[in-house]
Amino acid sequence: MKKYLMLTFFALVIVSCGSAKKVVKREIPTKTVKKVDNLKTLDSYYSGKNSAEVAEILKDAQKYLGAPYKYAGNTSAGFDCSGLVCKVFDENNTKLARRSEDQSNQGKSISIKEAKPGDLVFFATAGGSRVTHVGIVHDIGNNGEVKFIHSSTSKGVIISSLNEKYWNNAYLFARRVL
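Read left to right, the sequence shown gives residues -22 to -1, 1 to 156 (mature numbering (1 follows the signal peptide of the UniProt record, and there is no 0)).
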């Protein structure tokens, strides 16, 4: 019985923010080019300026840096990925679904080239093409590098980069909810 309970616990931790939505995996460009009135703008669409609303969301997300991972957690005592996103947006009067699968249906779909701070990025961390993880875009580097804040099972609430091989391979798509 004890082995069965441990096996069930580990399966839940591995799936952590699991879902059932099938999505199409997209390639993440490390540098993007956009034509605007015959002018080329390197990197991304992001201007480098955040609205007051986005600044508050990022400030609230950052205050949880270092909080531990906790399955189904949505308090500073411990967060899972979708619990962190839900809590931060809720603190800023934006209601989001509790599960990453459901969050992946909110807002509007955007290209990773259009991503800016405050947008959500979704991943398939268990392999395949099902949404199992979510993070909040934290900043976009001058080279187009997308950094996001999220709750990882091993390190708790941290900032990671889409340039990291693991996250680049797991990336699915981005959505704008603000």
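Yeah, the Cβ is synthetic: ideal placement off N, Cα and C, and Gly gets one too. Since this is a predicted model, take the numbers as computed values, not measurements.
Per-residue burial, residue 24 [other beta carbons within 10 Å of its own, 16 or more giving buried]: Position 46 of the sequence shown holds residue 24. It counts as buried.
Nearest to residue 139 by alpha carbon, out of 113, 131, 156, 132? Sequence index remark: in the sequence shown, residue 139 carries index 161 (1-based). Residue 113 is the option with its Cα nearest to residue 139.
Coil, strand or helix - residue 152 by DSSP: Taking the first residue of the sequence shown as position 1, residue 152 is located at position 174. Correct three-state label for residue 152: strand.
For residue 158, I'd like the list of residues in its chain whose CB is within less than 8 Å of its CB, leaving aside the five on either flank, ordered along the chain. The requested residue 158 does not occur in the structure, where the chain is confined to residues -22 to 156.
Looking at residue 162: is its Cβ nearer than 7 Å to the Cβ of residue 129? Examination of residue 162 is not possible in this model, given that the chain is present from -22 through 156 alone.
Could you check where the beta strand (DSSP E) with residue 136 kicks off and where it finishes? Working through the sequence shown from its first residue, we reach residue 136 at position 158. Residue 136: member of the beta strand (DSSP E) spanning 134 to 139, first to last residue.
By the 10 Å Cβ neighbour count, where 16 or more other Cβ atoms means buried, how is residue 149 classified, buried or exposed? For the purposes of this step, residue 149 is taken as the residue at position 171 of the sequence shown. Buried, because 16 or more other Cβ atoms sit within 10 Å of the Cβ of residue 149.
Beta carbon of residue 78, beta carbon of residue 115: below 7 Å? Locating residue 78 in the sequence shown gives position 100, where the first residue counts as 1. Locating residue 115 in the sequence shown gives position 137, where the first residue counts as 1. In this structure, residue 115 does not lie closer than 7 Å to residue 78 by Cβ.
At least 3 beta-carbon pairs within less than 8 Å: the region 30 to 42 vs the region 63 to 82: Result yes; three or more Cβ-Cβ pairs closer than 8 Å.
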